[in-house]
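One line per chain: the protein sequences are Y and E, in this order. Residue numbers for the first sequence, in our numbering: 3 to 410. Residue numbers for the second sequence, in our numbering: 3 to 410. Positions of the beta carbon are idealized from the N, C-alpha and C atoms, including for glycine.
Number of protein chains: 2
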Amino acid sequence: MKQNMIVGQSGGPTAAINASLAGVIRQAMRSKEIGEVYGALNGIEGLLDRHIIDLRKSIKDTEDYSRLMATPTMALGSCRYKLPQAPHDDYEKILKIFKDYGIGYFFYIGRNDSMDTVKQLSAYFKMKGENILCVGVPKTIDNDLPKTDHTPGFGSAAKYIAGSIAELALDSSVYDMFNVVIVEIMGRNAGWLTASAALARESGCAAPQLIYLPETPFDPEAFIEKVKSYSNENRPLIIAVSEGIKTKDGEYVSASGAVKDSFGHVMLAGTGNHLKELIKEKIGCKVRSIEFSTLQRTAGHYASATDIEEAAKIGEEAVLAAIRGETGVMMIFERVSDSPYLTRCSTVPIEECANLEKTVPSEWIIDSCDVSEDMMNYLRPLVIGHAKVYEKGGMPSYLSLDKTIAVK
Amino acid sequence: MKQNMIVGQSGGPTAAINASLAGVIRQAMRSKEIGEVYGALNGIEGLLDRHIIDLRKSIKDTEDYSRLMATPTMALGSCRYKLPQAPHDDYEKILKIFKDYGIGYFFYIGRNDSMDTVKQLSAYFKMKGENILCVGVPKTIDNDLPKTDHTPGFGSAAKYIAGSIAELALDSSVYDMFNVVIVEIMGRNAGWLTASAALARESGCAAPQLIYLPETPFDPEAFIEKVKSYSNENRPLIIAVSEGIKTKDGEYVSASGAVKDSFGHVMLAGTGNHLKELIKEKIGCKVRSIEFSTLQRTAGHYASATDIEEAAKIGEEAVLAAIRGETGVMMIFERVSDSPYLTRCSTVPIEECANLEKTVPSEWIIDSCDVSEDMMNYLRPLVIGHAKVYEKGGMPSYLSLDKTIAVK
């Protein structure tokens with residue numbers, strides 16, 4: 003008997019999360035085991051409020067599908083709500099909603115907090131003897147989910163960061179004089195995104211000459227000595243620095259790191275500006291600090307074709323896994339080879355991913371301020387290709403889903 | 003008799019200034035009146051040091067030419083040196099160098115300070131009875147040169163700004179809650195670039211809902227009231243603000259506006275951050291400030307095809323004007339019609355442009371916080387098309403000119 007399915011998105015935006023949504027929707031629509039194809043607006047939070055839309059009505063033709071793939075952030079909206087630990091009313095409430103809508107399949111696209119939701123729900127449904135299959139689809143620009151070779155969304159953010167740094171390096175080199183540009187990159191605890199800045203060198207420039215990841219304690223004195231060692235060159239020194247670097251005492255280098263979000267994560271800002279002031283004081287040269295801010299996660303106009311294609315693929319594979327009967331699993335990429343670049347999709351028990359973080363291995367960090375050739379080999383394939391950009395009147399033509407609530 | 007030519011670039015980078023260089027080079031190479039095709043490294047400053055390269059050796063094939071068009075910033079390097087008022091040794095020195103190299107044509111691609119150099123040199127050569135023809139090619143993201151309909155470089159910066167704002171609007175809307183994003187945009191005195199943010203609406207979003215140009219005195223109290231009026235909406239409020247906005251007393255809103263560059267221009271930073279703090283204090287909602295910084299002038303990966311094509315065209319036309327015998331002129335675009343968009347290249351006496359600024363007409367500014375439909379009609383054609391991007395290994399593949407100094 004056909005079961006209906008529902009999909010939701012959660013956490014922070016990426017350029018590839020809608021490509022995964024598109025993959026889930028496409029595979030669901032062509033699977034004979036699946037009846038209705040629903041979307042939960044604003045993740046588990048909207049689901050609890052029955053903000054459920056009929057995706058068969060929202061995606062009307064092949065172009066809608068392709069435009070959804072090319073649209074950054076979350077077409078279904080997001081939430082930061084994390085299911086409380088069971089027992090809790092939420093579980094009963096969700097089961098009731100799923101029964102009302104005839105849901106047999108639940109797909110949740112998100113990061114480690116969202117994977118916790120998949121873990122809790124799948125355990126609850128098993129305990130209740132309900133055959134509702136729950137599969138997690140990873141996404142995060144931070145690339146910090148364990149078990150998977152990399153996460154959808156990371157490649158596009160890496161491409162934006164490294165490509166923009168190659169351009170900033172050109173920009174700062176027009177006067178043939180020494181100057182410093184600090185680029186502050188997202189990443190609380192994991193330095194993957196900051197490490198990806200090294201890909202700028204593939205364009206033929208020397209930038210970034212220095213790379214500081216949060217995995218290594220930051221030593222301000224050694225930093226100033228390093229910067230000084232470049233000051234006789236008649237060209238810019240580009241420094242890629244993670245927002246989350248800490249001194250050996252475990253203190254954030256950023257002066258203003260006191261705010262916490264609803265998950266208890268420390269919210270950071272100002273690491274680049276802090277280092278800029280340090281360089282001004284200790285060296286006195288021309289120095290600029292640039293923060294990519296949310297642009298690095300949302301720049302659909304500069305997404306990696308590899309990332310977008312893989313994100314759609316892993317969404318399709320999630321549906322196939324559920325149809326095979328898998329539940330309480332997260333989808334992963336396994337890398338078969340670097341060159342030619344080949345991956346396959348697989349699943350792991352969600353307990354091995356939820357609430358866990360994968361940081362950069364220490365052997366891939368060189369001299370506390372650079373990354374190794376192994377890291378480069380890992381990164382290179384992920385940014386290949388310029389994803390298709392839809393434009394109208396010279397501006398991005400992104401897909402906005404029809405959000406009419408489905409009646410049941 | 004054939005005369006040689008030399009071309010230089012000056013001032014701040016744009017995404018289109020190398021397209022103008024490519025246009026000058028191509029037209030020079032195919033003109034029978036022109037012999038050697040030289041480039042001055044780092045503008046007039048390098049010229050004085052005889053840092054002159056042979057561009058016939060640097061541009062080897064059609065692909066080099068196309069890649070030069072697609073390469074942002076300045077392939078010849080830049081300078082901030084402005085010729086002192088004559089009489090001065092520099093003039094005699096330049097004449098000697100031009101005679102040594104057999105130069106009969108001088109092309110200078112730059113903004114109003116560079117146009118002053120063209121003005122001074124052409125006047126000096128005329129006074130000396132020397133038949134050396136000097137033509138200025140405009141460039142600036144600020145679009146503030148008089149007489150020309152718009153400047154090469156502006157359309158690409160406008161596309162980057164407006165396209166990125168459309169993406170930031172998507173990014174900030176995923177939680178369906180009110181929040182404020184302030185985007186700080188370059189432009190000391192002229193609000194053209196900030197106004198171009200309005201093009202984001204062409205993508206179907208409401209952003210930016212508020213636009214503040216430096217042409218209108220900024221009233222902090224009215225600003226806070228405006229922001230409050232949006233606070234009942236469950237969506238982001240995106241505010242585009244020029245770095246150069248001033249209060250009615252003529253004070254920069256930015257707190258830190260005390261540094262001056264070598265031309266005596268006040269260098270600004272922090273307008274967005276200042277307004278962020280103001281909103282936090284007076285309203286207390288979630289607010290983020292984003293500075294596009296130098297990315298807005300250097301993002302070759304998101305250049306306007308219209309801008310790049312026009313920039314090459316005006317470079318070609320500059321050579322044709324000089325061959326016709328024109329000197330002491332700046333190239334301009336005249337707009338024939340908005341739709342279909344048609345322009346033609348022409349020349350104006352350089353006195354009408356050098357050292358002058360063109361600001362946004364007051365009738366194109368609505369209610370001190372938006373722009374008119376006439377402004378939109380003016381802006382729309384300038385961002386049409388996505389310029390060709392050359393990539394290698396997923397990274398930009400920009401052209402670096404062979405800078406071997408030419409022997410004479």
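Worksheet item: Hey, how far is the Cα of S374(Y) from the Cα of T196(Y)?
Response: 13 Å
Practice prompt. Identify each residue in the segment 273-306 of chain Y for which the Cβ-Cβ distance to at least one residue of chain C is less than 9 Å, and report them in chain order.
Written response: In summary, chain C is missing from the structure at hand, where the protein chains are Y and E.
Practice prompt. For Q298(E), count neighbouring Cβ atoms within 10 angstroms of its own Cβ and tell me buried if that reaches 16, exposed if not.
Written response: Around the beta carbon of Q298(E), 16 or more other beta carbons lie within 10 angstroms, which makes this residue buried.
Worksheet item: What residue does the alpha helix (DSSP H) around G37(Y) start on, and which one ends it?
Response: From DSSP, G37(Y) is part of no alpha helix (DSSP H) but of the beta strand (DSSP E) over I36 to A42.
Worksheet item: Any idea if Y110(Y) is buried or exposed, counting beta-carbon neighbours within 10 angstroms, 16 or more meaning buried?
Response: Burial call: buried.
Discussion item. Can you confirm whether G106(Y), when its beta carbon is compared against all beta carbons of chain E, has any partner nearer than 9 Å?
Written reply: No - not a single Cβ of chain E is within 9 Å of the one on G106(Y).
Item to complete: Alpha carbon to alpha carbon, how far is A200(Y) from G206(Y)? Give it in angstroms, no decimals.
Response: 11 Å
Worksheet item: What residues in its chain sit with their C-beta under 7 Å from that of A202(Y), if we drop five residues either side in the sequence?
Response: A164, I167, A168, A171, A209 and P210
Item to complete: Please name the residues in the segment 158-170 of chain E whose beta-carbon is closer than 8 Å to at least one beta-carbon of chain Y, in chain order.
Response: K161, A164, G165, S166, A168, E169 and L170
Worksheet item: Going straight from the alpha carbon of E235(E) to that of F156(Y), what length do you get?
Response: E235(E) and F156(Y): Cα-Cα distance of roughly 32 Å.
Worksheet item: T349(Y) to Y214(E), Cα distance in whole Å?
Response: 51 Å
Worksheet item: Would G79(E) pass as a contact of N114(E) if the rule is Cβ separation under 9 Å?
Response: no
Discussion item. Any beta carbon from chain Y within less than 9 Å of H388(E)'s own beta carbon?
Written reply: yes
Discussion item. Quick check on DSSP: helix, strand or coil for L297(Y)?
Written reply: Reduced to three states, the DSSP call for L297(Y) is helix.
Practice prompt. Would you tell me roughly how many angstroms separate the C-alpha atoms of L57(E) and S175(Y), rounded to the nearest one?
Written response: Straight through space, the alpha carbons of S175(Y) and L57(E) are spaced by roughly 20 Å.
Worksheet item: Alpha carbon to alpha carbon, what distance is there between K161(E) and C411(E)?
Response: What is shown of chain E runs 3 to 410, which leaves residue 411(E) out entirely.
Fill in: Pairwise C-alpha distance: Y304(Y) and I247(Y)
27 Å
Worksheet item: Candidates E319(E), D92(E) and E311(E): which alpha carbon is nearest A72(E)'s?
Response: Nearest of E319(E), D92(E) and E311(E) to A72(E), Cα basis: E311(E).
Fill in: Environment of H276(E) [buried if 16+ CB atoms lie within 10 Å]
Under this definition H276(E) is a buried residue.
Discussion item. One question on the structure: do S2(E) and A314(E) come within less than 9 Å of each other, judged by their Cβ atoms?
Written reply: In the structure displayed, chain E extends from 3 to 410; residue 2(E) sits before or after that span and is not available.
Worksheet item: By Cβ distance below 6 Å, which residues in the same chain neighbour G41(E) in space, the five residues on each side in sequence not counted?
Response: V9, I55, L57 and L78
Item to complete: Determine the chain Y residues that contact G79(E) at a beta-carbon separation under 9 Å, and present them in chain order.
Response: Going along chain Y in sequence order, the residues near G79(E) (Cβ under 9 Å) are S175, V176, Y177 and D178.
Worksheet item: Could one say the Cβ of P15(Y) lies closer than 9 Å to chain E's Cβ atoms, at least one of them?
Response: yes
Worksheet item: How would you label G14(E), buried or exposed, when you count the other beta carbons within 10 angstroms and need 16 or more for buried?
Response: buried
Practice prompt. Taking R382(E) as the query, report the chain Y residues whose CB atoms sit under 9 Å from its CB, ordered along the chain.
Written response: Contact annotation for R382(E) against chain Y: G395 and G396 [CB-CB distance below 9 Å, chain order].
Worksheet entry | Neighbourhood of P351(E) by C-beta distance below 7 Å, restricted to the same chain and skipping five residues each side | G330 and V331
Fill in: N20(Y) classed as buried or exposed, judged by whether at least 16 other C-beta atoms fall within 10 angstroms
buried
Fill in: Backbone CA spacing between V26(E) and Y380(Y) [nearest angstrom]
42 Å
Item to complete: Closer than 7 Å, Cβ to Cβ, to anything on chain Y: give me those residues from the segment 185-214 of chain E, in chain order.
Response: Under the 7 Å Cβ criterion, the segment 185-214 of chain E contributes L201, A202, E204, S205 and G206.
Worksheet item: By the 10 Å Cβ neighbour count, where 16 or more other Cβ atoms means buried, how is L384(Y) classified, buried or exposed?
Response: buried
Discussion item. Using 8 Å for Cβ pairs, my map puts L85(Y) next to T119(Y). What's the rounded Cβ distance?
Written reply: Correct: roughly 5 Å between the Cβ atoms.
Worksheet item: Span of the beta strand (DSSP E) holding V350(Y)?
Response: L344 to P351
Discussion item. Using the three-state DSSP reduction, which class does I241(Y) fall into: helix, strand or coil?
Written reply: strand
Discussion item. For R28(Y), count the other beta carbons within 10 Å of its own beta carbon; 16 or more makes it buried, fewer makes it exposed. Which is it?
Written reply: With 16 or more other Cβ atoms within 10 Å, it is buried.
Worksheet item: Do H53(E) and I334(E) have their CB atoms nearer than 9 Å?
Response: no
Worksheet entry | Contacts of N44(Y) in chain E (Cβ-Cβ under 9 Å) | By Cβ distance, chain E contributes V176, Y177 and D178.
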